[in-house]
Amino acid sequence: MHKSPILAQFIIILLFIYLVTPIVATTVYSFSTVWVKTVLPEGLTLKWYQQIITNSDFSAALLRALGLSLGTTLLAMVCFLPIVFYANVYNPTIKERLRFLTVLPFTIPGIILVTGLIQVYANLPIPLWIILVLAISLISLPLTYQSLNNAFTANNFRAMFEQAMVLGESPTRAFLKIIVPNIRAGIFVAMLLTFTSAFGEYVLTNLLLGGNFETLKIYMYRLMQSNGQASSVLTTIYFAFLAVISLILILIMRSSHRSTKERSDNS
161 MHKSPILAQF
171 IIILLFIYLV
181 TPIVATTVYS
191 FSTVWVKTVL
201 PEGLTLKWYQ
211 QIITNSDFSA
221 ALLRALGLSL
231 GTTLLAMVCF
241 LPIVFYANVY
251 NPTIKERLRF
261 LTVLPFTIPG
271 IILVTGLIQV
281 YANLPIPLWI
291 ILVLAISLIS
301 LPLTYQSLNN
311 AFTANNFRAM
321 FEQAMVLGES
331 PTRAFLKIIV
341 PNIRAGIFVA
351 MLLTFTSAFG
361 EYVLTNLLLG
371 GNFETLKIYM
381 YRLMQSNGQA
391 SSVLTTIYFA
401 FLAVISLILI
411 LIMRSSHRST
421 KERSDNS
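Its first residue numbered 161, the sequence shown is counted upward by one per residue in this note's numbering.
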C-alpha cells in the first residue's frame, strides 16, 4: 500500500526526465557557440536567433503557417459548430454517426488522402492551397468535434434555446446571445487545438504543395539538413509556442471548471 505511490512517482519522474531532456538539450544547443566534444557548450550566444528572426525565408514561412492555421480554424468553426449544435439541441440521434465520421481521419493515411485529392481536383480551376485548408480542416475534425461536443454536456441548451425564442429572439440571435457565451470555453479550446494542428501540419502540405508553399515545418526540415544550430532555434521556438498554447488550454479548462462548480453550488 505504501510502496505503490512511491513506485508510481518514481516512474513519473523517469518519464518526465526522458521527455524533457531532449527539449532542454535542444534549447541549450540553440544558444551555444560551439558544442561538439565537451559536456557543456563552450559559450552562449544569441547569434543564431538573430539570424533566424532576420531571415526573410523564416518570416515568409511563419506568415504562411499562421495564415493556413487561421484559415483552417475559421473554416472548422463555421462548418462544425452549427453541426454540433444541431446534433446536441435538435437531433441527438445523429451523434453516433458523427462519432463514426470523426474516426475516419485516423484511418486514412496522409499519402492516400493527398493522392485522392490530386486525382480529383488537379484539373479543376481551384487553387491547391484551398484544397489544403479543406483537407486539414477535415483532419482536425476529431479535435474540433470532441471539444465542441464536450461543451454541450454542461447544461440543458435545448431548454435555454427554446426559452430564448419564446421570449422573442430569432434562432440566430438566440444562438449568438445564449448558446455561444455559455460554450465559449469549449469554442476556445477547439480553436486552439485546431490552430495548433494546422500550424504543425507537414505531411499534407509537403505532399500537396511541396516547395511552392513552404510553411514553418517545411522550412524547419529544410534548415535541419544544412544548419543544425539554426534548426535547434526553430525547434525551440516551436516548443515555446506549444507550451504557450498548452498553458492557455489549462487556464481555460480551469476557469470553465471553476465556473461550472460555482453555478452548481449556487443552484
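All residues carry an ideal CB built from backbone N, CA and C; glycine is no exception.
On a predicted model such as this, the values are computed, not experimentally measured, just so you know.
Give the DSSP-derived three-state secondary structure of residue i in the structure shown.
{"i": "L175", "result": "helix"}
{"i": "Q385", "result": "coil"}
{"i": "S300", "result": "coil"}
{"i": "Y250", "result": "coil"}
{"i": "N316", "result": "coil"}
{"i": "Y305", "result": "helix"}
{"i": "I343", "result": "coil"}
{"i": "L284", "result": "coil"}
{"i": "E256", "result": "helix"}
{"i": "S357", "result": "helix"}
{"i": "I268", "result": "coil"}
{"i": "T198", "result": "coil"}
{"i": "F373", "result": "coil"}
{"i": "L367", "result": "helix"}
{"i": "S406", "result": "helix"}
{"i": "G231", "result": "helix"}
Provide the residue(s) that pair with residue i in DSSP beta bridges, ordered along the chain.
{"i": "T192", "result": "A quick correction: the sequence has Ser, not Thr, at residue 192. S192 is bridged to L204."}
Using 8 Å as the threshold, is the C-beta distance between residue i and residue j below it?
{"i": "L235", "j": "L303", "result": "no"}
{"i": "I291", "j": "Y281", "result": "yes"}
{"i": "A390", "j": "Q211", "result": "yes"}
{"i": "T375", "j": "L228", "result": "yes"}
{"i": "I183", "j": "F399", "result": "yes"}
{"i": "S392", "j": "Y178", "result": "no"}
{"i": "P265", "j": "L298", "result": "yes"}
{"i": "F317", "j": "V244", "result": "no"}
{"i": "L368", "j": "L288", "result": "yes"}
{"i": "V249", "j": "F191", "result": "no"}
{"i": "A295", "j": "L364", "result": "yes"}
{"i": "L204", "j": "T186", "result": "no"}
{"i": "T115", "j": "S300", "result": "One cannot answer for residue 115 here, as it falls past the ends of the chain, which runs 161 to 427."}
{"i": "Y305", "j": "F355", "result": "no"}
{"i": "I338", "j": "Y362", "result": "no"}
{"i": "A324", "j": "A334", "result": "yes"}
{"i": "L310", "j": "G346", "result": "First, the amino acid is wrong: residue 310 is Asn here, not Leu. Yes, Cβ-Cβ distance for N310 and G346 is below 8 Å."}
{"i": "W195", "j": "P201", "result": "yes"}
{"i": "L258", "j": "A247", "result": "yes"}
{"i": "M237", "j": "M351", "result": "yes"}
Within 10 Å of its beta-carbon, does residue i have 16 or more other beta-carbons around it, so buried, or fewer, so exposed?
{"i": "V349", "result": "buried"}
{"i": "L327", "result": "exposed"}
{"i": "A225", "result": "buried"}
{"i": "S357", "result": "buried"}
{"i": "F218", "result": "buried"}
{"i": "I142", "result": "For the chain, the structure presents residues 161 to 427; residue 142 sits outside this window and is missing."}
{"i": "V293", "result": "buried"}
{"i": "V263", "result": "exposed"}
{"i": "V180", "result": "exposed"}
Figure out for me which residue from the options has the closest Cα to the Cα of residue i.
{"i": "M380", "options": "V404, L222, A247 and I254", "result": "L222"}
{"i": "P242", "options": "F401, M384, S216 and T332", "result": "T332"}
Would you verify that the beta carbon of residue i is, or is not, closer than 8 Å to some beta carbon of chain C?
{"i": "V404", "result": "The question asks about chain C, but that chain is absent: this structure has only one protein chain."}
Can you find a heavy atom of the ligand COA that lies under 7 Å from the Cβ of residue i?
{"i": "L230", "result": "The ligand COA is not among the ligands present in this structure, which contains no ligands whatsoever."}
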